[in-house]
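Residue numbers (the UniProt record's numbering): 1 to 712.
Beta carbons are placed, not taken as given, at the ideal position from N, Cα and C, and that holds for glycine.
Written as structure tokens, this is what we have:
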């Protein structure tokens with residue numbers, strides 16, 4: 001009789017395992033789908049394997065008994081798959097190495113290139129903090145997602161709201177074809193733009209653009225709306241060139257309406273859903289902002305706001321990273337064009353941020369995009385298997401941009417020094433100044449600055465402009481760096497050094513202004529290419545003029561800001577009479593230039609008034625007597641220096657909030673800044689000068705108000 005204490009375990013413990021019956025049925029899924037746990041349509045090969053490009057490995061495994069009888073087959077299959085994986089890894093490694101060193105293997109078919117370009121344009125870069133990048137590194141999940149690509153899920157709801165940047169208007173292909181002039185006229189506009197090497201943006205490759213252009217005329221619907229937006233932006237810039245060069249167009253007067261083409265470019269951007277990251281969206285928005293910038297007569301803060309969107313869109317697509325780190329699908333040609341795009345973005349972001357007195361949106365420590373290669377456009381195309389840069393001996397436009405790109409990397413810390421909440425030290429400024437000087441020394445010989453009259457007869461106009469642009473950028477950068485130390489009058493050594501650098505750069509900038517102005521007049525060498533001198537390119541000249549105005553002002557105001565015991569004190573020493581006379585004469589030489597532009601530019605009109613008032617006061621007989629009065633007032637305040645410090649907010653050597661550096665002066669990359677901080681606290685000072693009979697004398701506060709209005 002069984003033991004009652006063991007009866008409860010008799011159905012739990014068994015002496016041997018139960019017999020398992022295995023059914024010998026044929027598998028209904030291929031072995032690959034079984035491993036991926038994906039649905040198989042039971043074809044040979046199945047749709048999932050075809051989509052993955054893995055058709056040779058798609059087969060239906062044998063029954064269990066057959067597999068047990070032939071174990072070598074499984075081993076062979078594993079070895080084949082391992083060999084295939086090794087080949088794939090080697091291929092990816094070669095592609096990445098080619099992207100780094102200028103070697104890339106392609107099949108040479110344009111159709112394949114087009115497909116790769118479209119795939120690359122749709123790529124979204126995700127940094128390591130993104131949850132999606134975590135999923136990408138989980139092999140099992142990634143395999144399942146790739147197998148289920150056909151089921152993408154429902155699209156996100158998109159609200160039909162107004163586009164705050166480009167408006168809500170959309171366009172149709174019928175409207176586009178109706179607005180376009182004849183192809184002959186469009187050809188002229190594009191040719192004029194692409195030949196204006198100093199005005200055209202560097203990421204428009206003429207060969208590639210021509211092929212896309214021909215494709216557009218053959219079948220307009222085959223081209224994306226964002227590419228058509230680029231076309232309209234180029235046409236709007238071409239209008240400005242043809243008007244200066246008096247190039248005739250066969251179409252009616254409406255074909256010369258640049259604003260019409262700019263509006264169509266905006267409509268195409270909205271229709272092409274540029275904010276969703278469609279192909280050419282980043283380049284199209286840059287081209288649109290650039291065209292508006294070229295046609296602008298005065299500074300426009302709206303463009304800086306729009307460019308903030310450009311920066312974020314470009315980062316979303318990984319333009320701030322080297323192409324091989326974003327995707328292996330990006331070809332060698334596309335990688336080079338992406339570098340040129342990123343250079344343009346960095347330039348605008350940095351220099352327009354200086355204009356607004358705000359920190360740049362791009363942080364250099366998060367970017368690793370390399371410099372563009374020094375190649376002419378005809379040196380490479382979509383089918384290039386190797387990119388070989390030229391030596392830096394020929395003044396190619398791209399060489400000027402590469403040289404400027406190197407300067408931008410120095411200008412970033414200069415801007416941080418100028419805009420930082422904590423004031424930078426003199427040692428930091430000295431190190432940055434050394435870096436600027438070293439860059440200036442290393443400018444390629446073919447791009448070294450020389451006066452226009454000393455340029456070779458064979459030098460192209462854009463080469464002359466590029467030389468001027470680089471030189472202006474250098475001298476403006478020095479002013480940005482040393483501007484804050486002009487308030488350090490309590491430290492005579494720092495102040496004297498900063499003033500000497502700013503004066504030297506300001507005088508050089510104005511000398512360049514006189515040179516360019518002279519050569520763009522009728523009969524001058526650059527008269528036919530005067531369209532390259534944008535109104536915004538003159539703001540570096542404006543800064544130079546304001547620095548000299550500041551120096552003339554300080555010439556007779558130093559006793560006021562320094563409560564010294566004696567006018568002979570070192571910190572109260574004034575510039576020599578010869579230097580003062582020279583600065584005054586230089587300002588007089590620029591007055592006519594600003595008057596010439598004042599009819600079309602509000603900024604130039606304000607500058608003209610400021611210079612006129614300043615020079616009138618300098619010539620006033622009361623100028624020196626006022627200075628003597630101020631000097632006596634200063635000595636009377638000697639016993640209470642803290643009160644003088646209260647009157648002068650810069651006496652501690654710290655810039656007041658809102659004071660900024662200066663912009664860079666080149667077409668497409670110029671800037672302005674608030675001017676309230678250019679002068680000391682001189683409230684109540686009556687700056688009397690000659691004035692018409694019956695008119696009230698102009699006081700310095702009025703001049704400062706005029707200056708401030710210029711930058712509001």
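In the structure shown, residue 51 falls within a helical segment according to DSSP collapsed to helix, strand and coil. Under the 10 Å beta carbon count, residue 56 is surrounded by fewer than 16 other beta carbons and is classified as exposed. The three-state reading of DSSP puts residue 204 in coil, since its state is none of H, G, I, E or B. The alpha-carbon separation between residue 612 and residue 220 amounts to approximately 55 Å. Your pair residue 615 and residue 597 does not check out as a contact, with CB atoms roughly 18 Å apart and the cut at 8 Å.
By the Cβ test, the region 294-310 is not in contact with the region 321-339, since fewer than three Cβ pairs between them sit closer than 8 Å. Rounded to whole angstroms, residue 318 and residue 202 show a C-alpha spacing of 19 Å. Here the alpha carbon of residue 35 sits roughly 16 Å from the alpha carbon of residue 45. Between residue 171 and residue 271, the gap from beta carbon to beta carbon is short of 7 Å. Contact between the region 443-457 and the region 514-527 is present: three or more C-beta pairs spanning the two stretches fall below 8 Å.
Cβ contact annotation for residue 516 (same chain, cutoff 8 Å, sequence separation greater than five): 452, 468, 526, 533, in chain order. Around residue 181, the same chain offers 251, 255 as residues with beta carbons nearer than 6 Å, after the five sequence neighbours per side are excluded. Between residue 282 and residue 307, the gap from beta carbon to beta carbon reaches 7 Å or more.
In the three-state DSSP reduction, residue 402 falls in the helix class (H, G or I). If you compare the alpha carbons of 351, 186, 591, 450 with that of residue 473, the shortest gap goes to 351. According to the DSSP assignment, residue 336 belongs to the alpha helix (DSSP H) that extends over 332-356. Exclusion of the five residues before and after residue 249 leaves 185, 255 as the residues of its chain whose Cβ lies within less than 6 Å of its Cβ. Residue 228 sits in a helix when the DSSP states are folded into three classes. In the assembly as shown, residue 177 is an exposed residue. Its beta-carbon has fewer than 16 other beta-carbons within 10 Å. Taken through DSSP and simplified to helix, strand or coil, residue 46 comes out as coil.
Relative to residue 448, the option among 417, 400, 415, 188 whose CA is nearest is 400. Counting C-beta atoms within 10 angstroms of its own C-beta, residue 393 has fewer than 16 neighbours from the protein chains shown and is therefore classed as exposed. Shown here, residue 289 sits in a helix according to DSSP, grouped into three states. The shortest C-alpha to C-alpha distance from residue 345 to any of 284, 278, 428, 390 is the one to 284. Here the alpha carbons of residue 320 and residue 368 stand approximately 6 Å from one another. Pairing residue 510 with residue 482 gives a Cβ-Cβ distance that is not under 7 Å. For the region 445-504, the continuous alpha helix (DSSP H) assignments of 4+ residues that do not extend past its boundaries occur at 461-482, in sequence order. Put simply, the backbone Cα of residue 594 is about 6 Å away from that of residue 608.
Contact between residue 341 and residue 323 does not hold, since the beta-carbon distance rounds to 11 Å and is not under 8 Å.
It is roughly 20 Å from the alpha-carbon of residue 359 to the alpha-carbon of residue 433. Between residue 217 and residue 280, the C-beta gap is not smaller than 7 Å, which leaves the two residues out of contact. Exposed is the label assigned to residue 28, since fewer than 16 other Cβ atoms lie within 10 Å of its Cβ. Closest option to residue 471, judged by alpha-carbon separation, among 225, 301, 443: 443.
In its chain, beyond the 5 residues on either side, 390, 396, 398 have a beta carbon closer than 8 Å to the beta carbon of residue 376. Sequence-distant partners of residue 192 (beyond 5 residues in either direction) whose C-beta falls short of 6 Å from its own C-beta, in its chain, are 238, 241, 242.
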